[in-house]
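Line order of the protein sequences matches chains W and U. Sequential numbering from 1 applies to the first sequence in my numbering. Sequential numbering from 1 applies to the second sequence in my numbering. Right, one structure below, let's go through it.
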Amino acid sequence: GAVVSQHPSRVICKSGTSVKIECRSLDFQATTMFWYRQFPKQSLMLMATSNEGSKATYEQGVEKDKFLINHASLTLSTLTVTSAHPEDSSFYICSARDPGTGTDTQYFGPGTRLTVL
Amino acid sequence: AQSVSQHNHHVILSEAASLELGCNYSYGGTVNLFWYVQYPGQHLQLLLKYFSGDPLVKGIKGFEAEFIKSKFSFNLRKPSVQWSDTAEYFCAVLTGGGNKLTFGTGTQLKVEL
C-alpha cells in the first residue's frame, strides 16, 4: 500500500524560531498533499492543500504567512511553522493522494509532534 | 459547510462483543465516505471506504460499514471485537471535488479482555 513518511517525528523548539516538517510519499508520486493539525483529544483539522508546482490552498482561518507550505516535487511537501509560539504546539499530520489508485483516498503520515517552549 | 458527527466518544466493550459506531454527515451532494483507525502510537490507517455501488462495504480486519443515504449515515460495525481493536476510530467525508476530507471527532474504543 501507499506509504507516507514524515520527518521529524518530534520536535521541541524555542518560541520565535521556525520549524520545518517534511512529508514524503515513498512509493508513489503525489500531485496533491494535505496538511492537518490535531489537537489533543480532538479531530484532525485540514490546514491546507499542497499542490505540486503551485501555491498551496489554505483553509479559512489558517495564516498562510505563518504556515509556509512548499511542494517542490511529486514526492515531497514541507510545512514550515514560522516564528513558532506555544499556541502552535500540536500534532501535525500530512497525507497524500495516490493518483494511481484511481480514487480519492488519502494516505496519512505518522505525524509530527511539535512542542514550542 | 459539511460536518461529520460521531456520537460515541468513548466505547468500552468486552472481547467478542459486537461493535457499532455511529457516523452522520451533513452534506447534500455526492460524498465519498471513509473510516480510519489510529492504533495507540501509530498513524491513521484506512479501514474502509465507500465511493459508489454496494452501500455495504467491507474493510480490513473484519470491519464493515453501511452507507444509508436517506439517513446521511455511515456506521461502522464488527460482529466480534478483539483486544487488538483498541484504538481511535475516525469517520471522514470527502467533498469539494475530492480535495476536502472532513473528519468526525473520533471514537475511542477500548476492548477489555
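The beta carbon of each residue, even a glycine, is placed where N, CA and C say it ideally should be.
Inset, instruction - Would you mind giving the Cβ-Cβ distance between Val93 (chain U) and Leu33 (chain U), rounded to the nearest angstrom? I have them listed as a contact below 8 Å. - result: Correct: roughly 6 Å between the Cβ atoms.
Legend entry - Closer than 9 Å at the beta carbon, the chain W residues around Gly104 (chain U): In chain order: Ser43.
Legend entry - Segment limits, beta strand (DSSP E) that includes Val37 (chain U): For Val37 (chain U), the enclosing beta strand (DSSP E) begins and ends at Asn32 to Gln38.
Legend entry - Residues near Thr105 (chain U) by beta carbon distance below 6 Å, same chain, minus five either side: Gln6, listed in sequence order.
Inset, instruction - Please say whether Gln106 (chain W) and Leu101 (chain U) have beta carbons closer to each other than 8 Å? - result: Closer than 8 Å, so yes.
Inset, instruction - Answer yes or no: does any C-beta atom of chain U fall closer than 8 Å to that of Asp104 (chain W)? - result: So yes, Asp104 (chain W) belongs to the interface.
Inset, instruction - Could you tell me which of W:Trp35, W:Thr80, W:His71 and W:Leu74 sits nearest to Tyr58 (chain W), measuring between CA atoms? - result: Proximity to Tyr58 (chain W) across W:Trp35, W:Thr80, W:His71 and W:Leu74 peaks at W:Trp35, based on C-alpha coordinates.
Legend entry - Helix, strand or coil at Glu112 (chain U) [DSSP, three-state]: The three-state secondary structure of Glu112 (chain U), taken from DSSP, is strand.
Inset, instruction - Look up Ser9 (chain W) in the DSSP assignment and say whether it is helix, strand or coil. - result: It is coil, neither helix nor strand.
Legend entry - Gly109 (chain W) versus W:Phe39, W:Thr115, W:Leu46 and W:Cys23, residue with shortest Cα-Cα distance: Measuring from the Cα of Gly109 (chain W), the nearest candidate turns out to be W:Cys23.
Legend entry - DSSP-derived helix/strand/coil call for Lys49 (chain U): Lys49 (chain U) falls in the strand class under three-state DSSP.
Inset, instruction - Taking Phe108 (chain W) as part of the beta strand (DSSP E), name the residues at either end of that continuous run. - result: Per DSSP, Phe108 (chain W) belongs to the beta strand (DSSP E) from Gln106 to Phe108.
Inset, instruction - Could you tell me whether any Cβ in chain U is nearer than 8 Å to the Cβ of Thr121 (chain W)? - result: With chain W represented from 1 up to 117, any question about residue 121 (chain W) goes unanswered, as that position is not in the structure.
Legend entry - CB contact flag (Ala84 (chain W), Met33 (chain W), <8 Å): Against a cut-off of 8 Å, the Cβ pair of Met33 (chain W) and Ala84 (chain W) comes out as no contact.
Inset, instruction - Taking 8 Å as the cut-off, decide whether the C-beta atoms of Leu74 (chain W) and Glu52 (chain W) are in contact. - result: Using a Cβ distance threshold of 8 Å, Leu74 (chain W) and Glu52 (chain W) count as a contacting pair.
Inset, instruction - Kindly say whether Thr112 (chain W), judged by its beta-carbon, lies nearer than 8 Å to any beta-carbon of chain U. - result: Not closer than 8 Å to any Cβ of chain U, the Cβ of Thr112 (chain W) fails to qualify, so no.
Inset, instruction - Determine whether the Cβ of Leu46 (chain W) lies closer than 8 Å to any Cβ atom of chain U. - result: Leu46 (chain W) counts as touching chain U.
Legend entry - Cys23 (chain U) and Val37 (chain U) closer than 8 Å at C-beta: For the 8 Å CB-CB criterion, Cys23 (chain U) and Val37 (chain U) do not form a contact.
Inset, instruction - Specify the secondary structure class of Ser90 (chain W) as computed by DSSP and reduced to three states. - result: In the displayed model, Ser90 (chain W) falls within a strand according to three-state DSSP.
Legend entry - the stretch 10-19 of chain U in contact with the stretch 80-88 of chain U per 3-pair CB rule at 8 Å: Touching, yes.
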